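Taken in order, the sequence shown gives residues 1120 to 1575; the numbers are from our numbering. Heads up, the beta-carbon is just placed ideally off N, CA and C, and yes, glycines get one too. All of these numbers come straight from a predicted model, not from anything done at the bench. Working notes, beginning with the structure itself.
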Amino acid sequence: MPSRYPSLPRRSFLRSVGAASLAAPWFARNAYAAAPSRILRHASFGAAGMAWADIQAITSNPFVKLVAVADVDLARVKQVKETFPEVRVYQDWRQLLEKEQGNLDSVNVSTPDHMHAPIAHAAMQLGKHCFCQKPLAHGIHETRVLTRLAREKNLVTQMGIQIHSYRVYRQAVAVVQAGVIGKVREVHSWSSKKWGDTGRPPERRDPVPATLDWNLWQGVAAERPFVAGHYHPGQWRKRLDFGTGTFGDMGCHIFDPVFEALALTSPLSLRSEGPAPDASNWSVNARIRYVFPGTAYTEGKTVPVTWYDGDERPPAEIRALVADPRDATKAKGGRKADSDSQGSIIVGTKGVLHVPHIAAPRLFPLADFRDYVLPERVQGHHWTEWAEACINGGRPGANFDYSGPLTEAVLLGSVAVRFPSQELAWDGPKLAFTNVAAANTHLRRAYRRGWEVAGL
């Protein structure tokens, strides 16, 4: 399907953004310095679903003005237009950046995963502060580039792991770092979600809805026929080329308090014991064991962190460490116990911390911590923290220097599942696997011809 904006060549725009930032590094500073001092002029890439949630949260601040939105499916912009009658609507995100760059200070990127990096990169090259949904990018190389670019441009950034700012996750971090459970020996994290599938896409070509630009939706991914319900709007997370499976959807959330509490860095190795994806889809029921370098909060020189999803769970002996009769009572009432859905178990030398997603952390054995009172922490507003920093300066908690390495660690799992039962040795600084050369081919992908992005 041809683009609805033939006057805006893909190749020339994506290249010109990168070239402009190299030739005129003063542009970003001047663009922001000219902005009104008390108004944050904002644009959203995406108008419905998570994008609509982000728009509402960001514009809940009275100093934020929503200037423009871009969504490839114009059927999904109705709510935005009704709420913000003066907002300018685009179908092509490149056209928004080209026409509105002088009217913007910040953006949120709340699209399917495969377009996070191209859009965020283009906006950041123009000096725009960036709130990007998790995972930060679809691939590991893209993630590293966005992290470096944010630092080089001195931009205010935040990844959409909103529970990072919640009281309960902040309490979990504080408990571990205070040494309440001693030094950490091992961690087990899981999600019951099943963002995977099997089999080839249906062998048919459905009519593209009049409101959808299918070419723009595919973006940097390889071209393919439109199949109603298979990709857009809700099933793309299952597809290799567009989503990042359960890892990307929930790993960035659930690893977050573990990553921060233990001050983890890049893993040394990882090994998948679950099924591999097929040619088109992510698999489910993953079991991936990471080995991270030890830190001041761990017992040894290394610490194992194991991820499970779908029907997989930590071993029975680990789950027994956080057994609570109150959970059984909840389950009988028709509601799953917290420990059976999503969360982490952090095993220390003096006790065990259960970090449900999302509820207050709990310490075990119950008898040992009966009188323990969780440290008080402030409930933050993830979007406001970022928006205020865009105006006043500062570094939000999930800025790309933090969330970039977190995303890299999570997305390494999406490489490991392609090599079941193989230990993959990882060199983080070099961004390379050192013992399985084939794994390195999954760190960076070629963009569709005409959609190449300078710098990515």
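Counting only residues of its own chain and dropping the five nearest sequence neighbours on each side, Val1206 has a CB closer than 8 Å to the CB of Leu1185, Val1186, Ala1187, Val1188, Val1199 and Lys1200.
Of the candidates Asp1211, Asp1224, Pro1548 and Pro1181, the residue whose Cα lies closest to the Cα of Leu1387 is Pro1548. Under the three-state reduction of DSSP output, Ile1510 falls in the helix class. Sequence-distant Cβ neighbours of Ile1238 in its own chain, meaning closer than 6 Å and more than five residues away, are Phe1164, Trp1212 and Val1228.
Fully contained in the region 1341 to 1392 are the following alpha helix (DSSP H) runs of length 4 or more, in chain order: 1371 to 1380. Contact between Gly1370 and Gly1532 holds: their C-beta atoms lie close to 7 Å from each other, under 8 Å.
Per DSSP, Ser1308 lies in no alpha helix (DSSP H); the unbroken beta strand (DSSP E) holding it starts and ends at Val1303 to Ser1310. Contact between Ile1477 and Ile1282 holds, since their C-beta atoms are separated by about 6 Å, short of 8 Å. Assigned with DSSP and collapsed to three states, Gln1296 falls in helix. For the 8 Å CB-CB criterion, Asn1222 and Arg1160 form a contact. C-alpha of Asp1397 to C-alpha of Gly1362: approximately 14 Å in a straight line.
The alpha helix (DSSP H) runs of length 4 or more contained entirely in the region 1389 to 1451 are, from start to end of the chain, 1435 to 1438 and 1444 to 1451.
Straight-line measurement puts the Cα of Pro1475 at about 16 Å from the Cα of Leu1485. Within the region 1159 to 1199, the runs of beta strand (DSSP E) that reach at least 3 residues and sit entirely inside it are, in chain order, 1159 to 1164 and 1183 to 1189. With fewer than 16 other Cβ atoms inside 10 Å of its own Cβ, Ser1179 counts as exposed. The shortest C-alpha to C-alpha distance from Arg1564 to any of Glu1261, Ala1442, Leu1274 and Ala1194 is the one to Glu1261. A Cβ-Cβ separation of about 7 Å places Pro1376 in contact with Ser1463 under the 8 Å criterion. Considering only Arg1496, Arg1356, Val1327 and Asp1232, the residue with the shortest C-alpha distance to Val1339 is Asp1232.
Annotated three-state conformation of Gly1523 is helix, per DSSP. The beta carbons of Phe1374 and Leu1543 sit no closer together than 8 Å. In the three-state reduction of the DSSP assignment, Gly1532 falls in the helix class, which pools H, G and I. Under the three-pair Cβ rule at 8 Å, the region 1324 to 1332 does not count as touching the region 1490 to 1500. Between Ser1310 and Thr1365, the beta carbon gap of about 6 Å places them in contact (Cβ cut-off 8 Å). Counted as a single uninterrupted DSSP element, the alpha helix (DSSP H) harbouring Thr1262 occupies residues Ile1259 to Lys1272. Per DSSP, reduced to three states, the secondary structure at Arg1207 is strand. Val1303 is not a Cβ neighbour of Tyr1209, given a cutoff of 8 Å.
Gly1315 places its beta carbon less than 8 Å from that of Val1403.
When only Cα atoms are considered, Ala1442 and Phe1488 end up about 14 Å apart. Looking at the backbone, the Cα of Ala1176 and that of Lys1218 are separated by about 25 Å.
DSSP, reduced to helix, strand and coil, places Trp1545 within a strand of the structure shown. In the three-state reduction of the DSSP assignment, Gln1290 falls in the helix class, which pools H, G and I.
For Met1169 against Gln1252, the beta-carbon gap comes to about 6 Å, under 8 Å, which counts as contact. The region 1501 to 1515 makes no contact with the region 1527 to 1541; the number of CB pairs closer than 8 Å stays below 3. In the DSSP assignment, Met1278 is bridged to Cys1251.
Taking C-beta atoms under 8 Å as the contact rule, Ala1479 and Val1287 qualify, at a distance of about 5 Å.
Shown here for Gln1354: same chain residues with a beta carbon closer than 7 Å to its own, the five before and five after excluded, namely Gly1348 in chain order.
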